[in-house]
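First up is the structure itself, then whatever we jot down about it.
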């Protein structure tokens, strides 16, 4: 528990609450994803998205992973537009995107 707390910046009691079955807040989920995803922004966002789905904050069909599957199918012009929108949304959410 203490190792997980150190890795995520959460208190060991916050980790214990999750282990005990208490639903974490979205901000706690973000910290978990950041702590356990390494240096990859894409990996962090995918993990955060999955955890948000698992905890009931987001529905599966609205998940980011589904959108990421669509992006390669878009034309380069549309990919550029989507990347710009993602960048702006990330700024609003305070997320750094590579």
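Numbering (this note's numbering), first residue to last: -15 to 82. For each residue, glycine too, the CB sits at the ideal point set by N, CA and C. From a predicted model like this one, the values you see are computed outputs, not experimental measurements.
List the endpoints of the continuous alpha helix (DSSP H) containing residue i.
| i | result |
| --- | --- |
| residue 38 | 25 to 38 |
| residue -14 | -14 to -8 |
| residue 10 | 10 to 20 |
| residue 2 | -4 to 3 |
List the whole-angstrom C-beta distance separating residue i from residue j, where the pair is believed to meet the contact cut-off of C-beta under 8 Å.
| i | j | result |
| --- | --- | --- |
| residue 14 | residue 27 | About 14 Å; that fails the 8 Å criterion. |
| residue -11 | residue -1 | 5 Å |
| residue -9 | residue 22 | The Cβ separation is near 11 Å, so there is no contact. |
Residue i: which of the options sits nearest, CA to CA?
| i | options | result |
| --- | --- | --- |
| residue 41 | 62, 64 and 12 | 12 |
| residue 4 | 10, -10, 17 and -15 | -15 |
| residue 38 | 65, 55, 6 and -2 | 6 |
| residue 34 | 10, 65, 56 and 66 | 10 |
Quick check: the Cα distance between residue i and residue j, rounded to an integer number of angstroms?
| i | j | result |
| --- | --- | --- |
| residue 71 | residue 43 | 22 Å |
| residue 36 | residue -5 | 20 Å |
| residue -7 | residue -13 | 10 Å |
| residue 8 | residue 29 | 17 Å |
| residue 24 | residue 17 | 11 Å |
| residue 61 | residue 69 | 13 Å |
| residue 53 | residue -3 | 37 Å |
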